[in-house]
Amino acid sequence: DPGFVRERFLSLWKAPFTTYYFGTEFRAVTEVLHKVVFFFPGGVFLSFLALRVEGAVRRQLAAAVAFSFIGLVALATEAGQVFLPSKVADLTDAGLEATGGILGYLAARALADRLGGDAPKEGGQ
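Just so we're on the same page, this note's numbering is the position in the sequence shown counted from 1, plus 22.
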């Protein structure tokens with residue numbers, strides 16, 4: 023139904039955290055943590071992929087691509103919810119999900135730097 027989709031699409035643009043404000047505090051905290059933690063492993067995975075890239079400039083480019091990919095997946099997740107009557111699509115959720123993915127990336131990168139930097143070379147050396 024085009025009217026349903028249009029109404030749901032327009033609801034994406036409400037003020038940030040409106041959905042969380044009208045619920046209980048426990049529900050709000052639970053949902054925020056759920057959104058952030060759900061995307062955290064994806065950021066960790068992309069960080070390990072980026073560590074395999076040689077050169078500082080290329081590694082920075084890989085990080086930019088990873089951050090963009092995380093953001094696009096978060097937006098696609100919320101855009102898909104526009105078509106599902108039982109779900110609530112919200113750009114705040116996309117921001118929280120992207121934040122979780124980026125935090126996962128940065129945490130894995132910091133851990134890798136602390137433990138020795140680069141990924142193992144081919145042949146296990």
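Beta carbons are placed, not taken as given, at the ideal position from N, Cα and C, and that holds for glycine. Treat the numbers as computed from the prediction; the structure is a model and nothing was measured.
### Message
Here's a check: name, in chain order, each residue in its chain whose Cβ is nearer than 6 Å to the Cβ of residue 131, leaving out the five neighbours to either side.
### Response
Translated into the one-based positions of the sequence shown, residue 131 becomes position 109. In the same chain as residue 131, and ignoring 5 residues on each side of it, the C-beta atoms closer than 6 Å to its own belong to 69, in chain order.
### Query
When you compare only the Cα positions, how much space is there between residue 127 and residue 104?
By 1-based counting over the sequence shown, the position of residue 127 is 105. By 1-based counting over the sequence shown, the position of residue 104 is 82. Taking the straight line joining both Cα atoms gives about 28 Å.
### Task
Please confirm if residue 62 has its CB atom under 8 Å from at least one CB of chain E.
In summary, chain E is missing from the structure at hand, where a single protein chain is found.
### Message
Taking contact to mean 3 or more Cβ pairs, one atom from each stretch, closer than 8 Å, check whether the stretch 116–127 and the stretch 50–66 are in contact.
### Response
Contact between the stretch 116–127 and the stretch 50–66 is present, because at least three Cβ pairs lie under 8 Å.
### Query
Cα-Cα, which of 55, 27, 80 is closest to residue 116?
Working through the sequence shown from its first residue, we reach residue 116 at position 94. Comparing C-alpha distances from residue 116 to each of 55, 27, 80 shows the shortest one belongs to 55.
### Message
Taking its Cβ as the centre, do 16 or more other Cβ atoms sit within 10 Å of residue 36, making it buried, or is it exposed?
### Response
Against the sequence shown, residue 36 aligns to sequence position 14. So residue 36 ends up on the exposed side.
### Query
Does the Cβ of residue 135 have 16 or more other Cβ atoms within 10 Å, making it buried, or fewer, making it exposed?
On the sequence shown, residue 135 is found 113 positions in, with the first residue counted as 1. The C-beta of residue 135 has fewer than 16 other C-beta atoms within 10 Å across all chains shown, which makes the residue exposed.
### Query
Looking only at C-alpha atoms, which of 73, 60, 121, 114 sits nearest to residue 43?
Numbered from 1 along the sequence shown, position 21 holds the residue referred to as residue 43. Per the C-alpha coordinates, the member of 73, 60, 121, 114 positioned closest to residue 43 is 114.
### Query
Excluding five sequence neighbours on each side, which residues of the same chain lie with their C-beta closer than 6 Å to the C-beta of residue 75?
Working through the sequence shown from its first residue, we reach residue 75 at position 53. Same-chain partners within the cutoff: 81, 84.
### Secondary structure of residue 93, DSSP reduced to three states
The residue given as residue 93 occupies position 71 in the sequence shown. Helix.
### Query
To the nearest whole angstrom, what separates the beta carbons of residue 34 and residue 112, a pair I think is in contact under 8 Å?
The residue given as residue 34 occupies position 12 in the sequence shown. The residue given as residue 112 occupies position 90 in the sequence shown. Contact holds; Cβ gap of about 7 Å.
### Pairwise C-alpha distance: residue 45 and residue 87
The residue labelled residue 87 in the question sits at position 65 within the sequence shown. The residue labelled residue 45 in the question sits at position 23 within the sequence shown. Taking the straight line from one Cα to the other gives about 35 Å.
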